[in-house]
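Here the structure is laid out as structure tokens; the discussion comes afterwards.
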Amino acid sequence: MINLHNDIVKAIVNSLVMDDPEARLLYLQSINNESGKGTQNSSSKHKWDYRYNTLIEIAEKYGLGYVKIDRGRLWEAVLIVGENNELFVFFSHKNMRQIIKKGKNNHYLKLLNLFNEYFDEMLPLNSQMALPFLESENECKEDLKEQAREMLSKMEGDPSKVFVFTFDHSFVSTVKAFAFNTRQEVVWESDLTDLIDSNYRLVLKDDNINPEKRESKNTPETKKEKKQIVSLKNIK
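All residue numbers for the sequence shown refer to numbering that gives the first Met the number 0, where the first residue is 0 and numbers rise by one.
See below:
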């Protein structure tokens, strides 16, 4: 369904659930809270900035486009543009649930789904996942589409399809992809969790083990020095 190479999908999936411990430390240092005892009101933005900037790197690496849209004061969202103007949007599962429960009609996801006429012939999967309908028939879809076009002013042409990647990174990491029709009903869903790579650098934090080295403690240091000396002699 998604017109992206598997390597790109896998890179996107892992960028959504992976954290950078070093970036986290630098963030705490920048707000004078290295001890963790102080306040850190903008930590969520720090994590989203890391994700969005990684998505931009992925887009540039694989020759894809991307769009940055202003979502209010001090908040910029990043959308990836694939082949044939397919658009990819990113949310946490928690944010998606909030949009389903009480998202406004002009929420940018609901605006973008109005371009998904391609999916209108597909049967909805789950009524509980449907976004709320327009509250008033007076709200013209074309007017709302025009709002979406203004938001995507840097994008050439309308999106052909819009896909949503959602993720959870609390206890167990999961990533799913969804597609909505223009009636804001889910018509396609795919679980991408199996594409998440294990990263032992993030698991082992406080046991004083560096998993990247994996050196045996039974190997004496003198043995390493002898190897180096032999190697230098061979070069001569």
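The beta-carbon is built from N, C-alpha and C at its ideal position, and this holds for glycine as well. No experiment lies behind these values; they were computed from the predicted model shown.
Look up residue i in the DSSP assignment and say whether it is helix, strand or coil.
| i | result |
| --- | --- |
| I1 | coil |
| V8 | helix |
| E155 | coil |
| E120 | coil |
| V16 | helix |
| L108 | helix |
| E33 | coil |
| K160 | strand |
| L27 | helix |
| E85 | strand |
| T38 | coil |
| K216 | Note that K216 scores 45 on pLDDT, short of 50, meaning its location in the model is unreliable; the coordinates nonetheless yield the value given after this. K216: coil per DSSP, three-state reduction. |
| K103 | coil |
| W61 | The question names Trp, but residue 61 in the sequence shown is Tyr. Y61: coil per DSSP, three-state reduction. |
| L113 | coil |
Is it right to say residue i is buried, meaning 16 or more other beta carbons lie within 10 angstroms of its own, or is it exposed?
| i | result |
| --- | --- |
| S87 | Reading the sequence as shown, one finds Phe at residue 87 and not Ser. The residue in question, F87, is buried, as its Cβ has 16 or more Cβ neighbours within 10 Å. |
| K109 | buried |
| L25 | exposed |
| V171 | exposed |
| L122 | exposed |
| M0 | exposed |
Please return the same chain residues whose Cβ sits closer than 8 Å to the Cβ of residue i, not counting the five positions on each side in sequence.
| i | result |
| --- | --- |
| N105 | L143, Q146 |
| N31 | G37 |
| S14 | R50, T53, L54, I57 |
| S91 | T165, F166, D167, H168 |
| F236 | Nothing can be reported for residue 236: it is not among the residues displayed for the chain, which extend from 0 to 235. |
| E75 | Y51, K67, I68, D69 |
| D19 | Y49 |
| K46 | D18 |
Pull up the DSSP beta-bridge partners for residue i, would you.
| i | result |
| --- | --- |
| K67 | V77 |
| T192 | Its beta-bridge partners do not exist; DSSP assigns none. |
| S91 | F166 |
| K140 | Per DSSP, none; premise fails for K140. |
| V243 | Residue 243 lies beyond the range of the chain shown here (0 to 235); nothing can be said about it. |
| W187 | A178 |
For residue i, which residues in the same chain have their Cβ closer than 7 Å to its Cβ, ignoring the five residues on either side in sequence?
| i | result |
| --- | --- |
| N261 | Any question about residue 261 goes unanswered here, given that the chain covers just 0 to 235. |
| I79 | L54, A58, L63, Y65, F87 |
By Cβ distance, which residues of its chain are closer than 6 Å to residue i, with the 5 residues on each side in sequence left out?
| i | result |
| --- | --- |
| T192 | T173, V174 |
| K101 | none |
| L27 | E33 |
| V163 | V88, F177 |
Touching or not, the region 173-187 and the region 105-116, by the rule of three or more beta carbon pairs under 8 Å? Yes, they touch.
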